[in-house]
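Enquirer: Counting in my numbering, the sequence shown runs from 24 upward without gaps. Glycine is no exception: its CB is placed at the ideal position from the N, C-alpha and C atoms. Just dropping this structure here.
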Amino acid sequence: MMPAPSGEMPRMFELKPCDPVTFRQQTRRSTLIVAVVFLALAMLLSSLAVMLFGEPGGDNLRFNVGGVFAGVLITLALVRGPFWTQPWMAAAVYGWQLKRSLMSITNVMHKVTERVQTNDPIAIKVLRFYHLGLTQMHALDANSSAQAQLVGEIEAHESRMQALGIDTEQNRLDPSWIEVLKSG
Numbered sequence: 024m025m026p027a028p029s030g031e032m033p034r035m036f037e038l039k040p041c042d043p044v045t046f047r048q049q050t051r052r053s054t055l056i057v058a059v060v061f062l063a064l065a066m067l068l069s070s071l072a073v074m075l076f077g078e079p080g081g082d083n084l085r086f087n088v089g090g091v092f093a094g095v096l097i098t099l100a101l102v103r104g105p106f107w108t109q110p111w112m113a114a115a116v117y118g119w120q121l122k123r124s125l126m127s128i129t130n131v132m133h134k135v136t137e138r139v140q141t142n143d144p145i146a147i148k149v150l151r152f153y154h155l156g157l158t159q160m161h162a163l164d165a166n167s168s169a170q171a172q173l174v175g176e177i178e179a180h181e182s183r184m185q186a187l188g189i190d191t192e193q194n195r196l197d198p199s200w201i202e203v204l205k206s207g
């Protein structure tokens, strides 16, 4: 699933259950595939540029650098194009989307925390999604120390939601919630 083009409302993101060990294996595999594609393209394009435009025994550094740069651009186009929907990229794409969703909340966190204090239901739901998403990201990245620092805050917020009668299962981030928080 490609991110929404500029000007369009981003799609709703939903947390999915993931086994951290499997997730890391899959992301390492996709990273290795992309790295091999990049290396092959960079070497091929550099060699081709030197062969076509270079001088025997001359300084061909600019053609080598140009080939590597073209390799970077083509690799990026492949990742964001045809590779994006491949099953072997699913874990990496999910991780990227999770981090983007969390970053969209981080960008308005000052408004989220302000509005949570006034019992705004949208802000409360956004903060709960943030806590659930951050918990998952820490598990996927094997970052238990960062997670341990949040436990008290997460439990206090969950208790607040229960007291207000708001569902604590906030596994979806509706992009319109972020827009509401930005505008208010």
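Got a sec, what are the start and stop residues for the alpha helix (DSSP H) Ala165 sits in?
Expert: From DSSP, Ala165 is part of no alpha helix (DSSP H); its letter is neither H nor E.
Enquirer: Note down, in chain order, each residue of its chain lying with its Cβ closer than 6 Å to the Cβ of Met32, except the 5 sequence neighbours on either side.
Expert: Its pLDDT being 49, under 50, Met32 is placed unreliably by the model, and nothing is read from it.
Enquirer: With DSSP run on the structure shown, which of helix, strand or coil describes Arg195?
Expert: strand
Enquirer: List the residues that DSSP assigns as beta-bridge partners of Phe36.
Expert: Leu196
Enquirer: Between the stretch 182 to 191 and the stretch 68 to 77, do three or more beta carbon pairs fall short of 8 Å?
Expert: no
Enquirer: Thinking just about the alpha-carbon of each residue, which of Thr98, Glu78, Trp119, Ser168 is nearest to the one in Ala58?
Expert: Thr98
Enquirer: Among residues of its own chain, excluding the 5 on either side of Met24, which ones have a beta-carbon nearer than 6 Å to its beta-carbon?
Expert: Low confidence applies here, because Met24 scores a pLDDT of 41, under 50, leaving its location unreliable; read the following figure in that light. There are no such residues.
Enquirer: With respect to the alpha helix (DSSP H) encompassing Gln81, which residues constitute its N-terminal and C-terminal limits?
Expert: Note on residue identity: the sequence assigns Gly, not Gln, to residue 81. Here Gly81 belongs to no alpha helix (DSSP H), and DSSP marks it neither H nor E.
Enquirer: Tell me the start and end of each unbroken alpha helix (DSSP H) in the stretch 87 to 169 that is at least 4 residues and wholly inside, in chain order.
Expert: Every alpha helix (DSSP H) stretch that sits fully inside the stretch 87 to 169 and reaches 4 residues is listed by chain position as 113 to 129, 132 to 140, 144 to 163.
Enquirer: Would you mind giving the Cβ-Cβ distance between Met38 and Leu155, rounded to the nearest angstrom? I have them listed as a contact below 8 Å.
Expert: It should be pointed out that residue 38 corresponds to Leu in this sequence rather than to Met. That pair is a contact at about 6 Å.
Enquirer: Go ahead and pull the three-state DSSP assignment for Leu204.
Expert: helix
Enquirer: Using only the alpha-carbon positions, how far apart do Val131 and Trp119 sit?
Expert: Answer to the nearest angstrom: the Cα atoms are 19 Å apart.
Enquirer: How close, in whole Å, do the beta carbons of Phe36 and Leu196 come, if the pair is a contact with beta carbons under 8 Å?
Expert: Phe36 to Leu196, Cβ: 5 Å. Contact.
Enquirer: Whole angstroms are fine: how far does the CA of Pro79 sit from the CA of Ala93?
Expert: 22 Å
Enquirer: Can you tell me which of the three DSSP states Leu62 falls into?
Expert: Reduced to three states, the DSSP call for Leu62 is helix.
Enquirer: To which residues of the same chain is His161 closer than 6 Å at the C-beta, ignoring the five residues directly before and after it?
Expert: Sequence-distant Cβ neighbours of His161 in its own chain, meaning closer than 6 Å and more than five residues away, are Ala169, Gln170.
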